[in-house]
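Working notes, beginning with the structure itself.
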Amino acid sequence: MAERSFEKEMQSLRLGEGAEFRGEGILAVTKALLQSGVAYVGGYQGAPISHLMDVLAEAEDILRELGVHFEASASEATAAAMLAASINYPLRGAVTWKSTVGTNVASDALANLASSGVRGGALIILGEDYGEGASIMQERTHAFAMKSQIWLLDPRPHLPEIVRAVEQGFELSEASNSPVMLMLRIRACHVYGRFIAKNNQRPAFSASDALAAPSRDYGRIILPPSTYAQEREKIQERFPAAARFVAEHEMNDVMEGEVGEVGIVLQGGLYNSVLRALELLDCADAFGSSKIPLYVLNVTYPLIPEEWVKFCSGKRAVLVVEEGQPEFIEQAASQILRKNDVSARLLGKGVLPMHGEYTVDVLRKGLEEFISNWVPQLRATRHFAPSREMTEAPLVAAGRLAALVPARPSGLCTGCPERPLFSAMKLLQRETGPLHISADIGCHSFATLPPFNMGNSIMGYGLGAAGASALGTGGGKRAMAVMGDGGFWHNGLTSGIGNAVFNRHDDVTVIVDNGYSAATGGQDIPSSRDANEHRQGNNRIIDAVKGVGVKWVRQTRTYNMQETLKVLREALYTEFRGPKVIVAEGECELNRQRRVRPTPMPRRRRRAAAPWPACPRARSRAASPTTSRPRPITSSPAAAPPSWTAISSMAAPRRCPRRAAPTARPAAAVRSVRARSN
Ligand SMILES: Cc1ncc(C[n+]2csc(CCOP(=O)(O)OP(=O)(O)O)c2C)c(N)n1
Ligand code: SF4
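The following block contains the structure:
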């Protein structure tokens, strides 16, 4: 269940030639894919492209009308492998995920794809989660692009530019037989704007065309000796073809300025912030006219030496604005300029910080230093309008704000089913002393923060159980691991649970079964109880766990803390040797509110939601017999998995019958964690 409905916006995806499209960057990407004759699309949710997956899922009817195949992939590796269809056939395909984490997961398939080369355009749309507000370790996609020779687009955050990047991305891919990455920063994903639409196109070649006449070429398979030829092809043919395409189609922008002696080279994605910083220094206006010449790299890999030489020749100094480290572009630029005897002084890191997001404030400081040192005449003529400085000054100084407003660290929503689970784990440690807990990615990772303060490490999505591997057989106190249901299906079933069985671990894994990929906005996963009509949901976690050989499995309701505590205690002290898995059920409260409250969300597309009895007494009468005991899963489970309503009636905590029905409660009472952008 996606966080919000895009039903209204869906209409704009049908706009035809000449109509004006207005909307968010993410939606523009979807429209551009349809205009480009894409044949198949896949991906995995994660900020800042979760909305793209939501939009695509909601646009599934439109995609089908056009003959476009869409998949909510099982993982980023699955999505990347999907691009194999473009190796042998002129099929255009696009996939999307959060980078760099998703790119890490996908990199095996990506490296093989880049070696094989593609016939049909292969576009990888990446949500670059770097900087303030990012939710992952701070790294750059640039390194992946260079190591596998995948071209990297970083367009200006401006809708016509984003659309152009999608359309030209496919063409570039086909012209150079290489995959292309389209990097979208958080601001680019959510920027609003407009562009003139074109007609949507059915794919020129379809999957059925491919299946009717399968094409096979050993030269495209990543085994020797093909791989040696592919490596040569990459360098001798594909790289020059890409550089030629970028130059001939003027994918990068040069903006002339008043002063010819200096220049600024910047990543396209930083254009809006650089322009604003220059404006604050009175060196540009809000409409894009800069006194200092700009060379905007909408393509950051490959770089085009001739363009650099042309832009830098005759200049005394050039500043490279490149966010993050290492300074790949600056290093390459210094080589280009040195080899071509261009004497312009190259500046970059040092004037600007080596790490962290280049916010307008950071850029303004760096640009001010650059301008003062190299074109002081611009400073001498500048006159800051006092009103402008006032606008940028914080309303309340940061120090005072800290004293006035209590810090609000991330935390689980009010009413979150994971709260009682972690409370039980905390109570358990009063008896056992501190336990080693290997944590995972998802809402549950916020248990590492107050008030729970538990979780010793996080190794990646779905890797909670694997993160406890080295401690899994030690004897004595048992290690514990936590894993979300999303992470479980993404890879945890094999990397964690299957591995624990195979290696005879003796540890305990708690799988948090809240029914959704909750932290990313509530997308459906294979065990979602009411997955939409295009997906096969309700695949039970306990069945999968037993299927890979776990003998000790228990289920508990998180809201029933006594039951949960009992199961946890049993798992830690049982004589049973082998991995122990506890499936802790409790529907994500935020998504539950969306499910039960009356809402204009397009329900018709979903399977009929389970009825929600207005009165808790009626609910308990309707429910199957309640038990206050942990339910060992030793025999075959019931044929039909229970709905959320039925589950939430089992062993539910007693509640006052006079309490208002959930539908009457304002949904706003539950604070969204989506703002934390996972
Ligand atoms: C490799 C990777 N892919 C995607 C993400 C984005 N992401 C962060 S949290 C999350 C969903 C977690 O779902 P689940 O495991 O069910 O935990 P929940 O949030 O529901 O508690 C995803 C997909 C990521 N961090 N890493
Ligand atoms: S989104 Fe759902 S699972 Fe996540 S903290 Fe909120 S209620 Fe809990």
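Sequential numbering of the sequence shown, starting at 1404, is according to our numbering. For glycine and all other residues, C-beta sits at the position ideal for the given N, C-alpha and C.
Check                                                                                                                                                                                  : Outcome
Using the C-alpha atoms, what's the distance from residue 1963 back to residue 2051?                                                                                                   : Annotation note: pLDDT 43 at residue 2051 (below 50); position unreliable, no value reported.
Thinking just about the alpha-carbon of each residue, which of 1947, 1744, 1445 is nearest to the one in residue 1901?                                                                 : 1947
At a threshold of 7 Å, does residue 1450 count as lining ligand 2 (C-beta to nearest heavy atom)?                                                                                      : no
With three or more beta-carbon pairs closer than 8 Å as the criterion, would you say the segment 1405 to 1423 touches the segment 1492 to 1510?                                        : no
On a CA-only basis, which of 1871, 1915, 1991 is nearest residue 1909? Give me that one, please.                                                                                       : 1871
Would residue 1982 be called buried (16 or more neighbouring beta carbons within 10 Å of its own) or exposed?                                                                          : buried
Is it the case that the CB of residue 1846 approaches a heavy atom of ligand 2 more closely than 7 Å?                                                                                  : yes
Would you report the Cα separation of residue 1352 and residue 1434, rounded to the nearest angstrom?                                                                                  : As shown, the chain starts at 1404 and ends at 2081. That puts residue 1352 outside it, with no answer to give.
Taking DSSP as the reference, what is the three-state secondary structure of residue 1959?                                                                                             : strand
For the alpha helix (DSSP H) that contains residue 1893, what are its first and last residues?                                                                                         : Premise fails: residue 1893 is in no alpha helix (DSSP H) and is neither H nor E.
What's the gap between the Cα of residue 1410 and the Cα of residue 1931?                                                                                                              : 22 Å
Can you give me the Cβ contacts of residue 2038 inside the same chain, cut-off strictly under 8 Å, excluding the 5 residues immediately before and after it?                           : Legend: pLDDT at residue 2038 = 33, less than 50; position of this residue unreliable, no value from coordinates given.
Measuring straight from C-alpha to C-alpha, what distance separates residue 1408 and residue 1460?                                                                                     : 11 Å
Between residue 1921 and ligand 2, is there a pair consisting of the residue's CB and a ligand heavy atom that are separated by less than 7 Å?                                         : yes
For my contact list, residue 1519 and residue 1490 are in at a C-beta cut-off of 8 Å; report their separation, rounded to the angstrom.                                                : 5 Å
Quick one: is residue 1414 buried, meaning 16 or more other Cβ sit within 10 Å of its Cβ, or exposed?                                                                                  : exposed
Give the list of continuous beta strand (DSSP E) stretches no shorter than 3 residues that lie fully inside the segment 1502 to 1564.                                                  : 1525 to 1531, 1554 to 1556
Grab me the residues of residue 1883's own chain with a C-beta within less than 6 Å of its C-beta, minus the 5 sequence neighbours each way, in chain order.                           : 1838, 1840, 1911
Per DSSP, what kind of secondary structure is residue 1607 in: helix, strand or coil?                                                                                                  : coil
So, using beta-carbon positions, are residue 1695 and residue 1662 closer together than 8 Å?                                                                                           : yes
Can you find the residues in the same chain that come closer than 8 Å, C-beta to C-beta, to residue 1591, ignoring five residues on each side of it along the sequence?                : 1428, 1558, 1560, 1565, 1672
Compare the Cα-Cα distances from residue 1517 to each of 1737, 1553, 1498, 1986 and report the closest residue.                                                                        : 1553
Is it right to say residue 1746 is buried, meaning 16 or more other beta carbons lie within 10 angstroms of its own, or is it exposed?                                                 : exposed
On the criterion of 16 or more Cβ atoms from any shown chain inside 10 Å, does residue 2057 qualify as buried, or is it exposed?                                                       : Interpretation of residue 2057 is limited by its pLDDT of 32, a score under 50 that renders its predicted location unreliable; the figure taken from the coordinates is listed afterwards. Per the 10 Å Cβ criterion, exposed.
On a CA-only basis, which of 1829, 1876, 1768 is nearest residue 1855? Give me that one, please.                                                                                       : 1829
Among residues of its own chain, excluding the 5 on either side of residue 1929, which ones have a beta-carbon nearer than 6 Å to its beta-carbon?                                     : 1892, 1942
Taking only the alpha-carbon atoms, compute the straight-line gap between residue 2099 and residue 1515 and give it to the nearest angstrom.                                           : Nothing can be reported for residue 2099, as the shown portion of the chain is limited to 1404 through 2081.
Who are the near neighbours of residue 1573 in its chain, counting only those whose CB is closer than 7 Å to its CB and skipping five residues on each side?                           : 1439, 1495, 1524, 1526
Going by beta carbon distance, what residues of the same chain come within less than 6 Å of residue 1620, once the five residues before and after it are set aside?                    : none
How do the segment 1948 to 1957 and the segment 1970 to 1978 stand: do at least 3 beta-carbon pairs fall below 8 Å, yes or no?                                                         : yes
Label residue 1647 either buried or exposed according to how many other C-beta atoms from any shown protein chain fall within 10 Å of its C-beta, with 16 as the threshold for buried. : exposed
Quick check on residue 1497: buried or exposed, where buried means 16 or more other Cβ atoms within 10 Å of its Cβ?                                                                    : buried
Going by Cα to Cα distance, which pick from 1606, 1737, 1779 is closest to residue 1347?                                                                                               : This structure leaves residue 1347 out entirely; the chain is present only between 1404 and 2081.
Is residue 1806 helix, strand or coil by DSSP?                                                                                                                                         : helix
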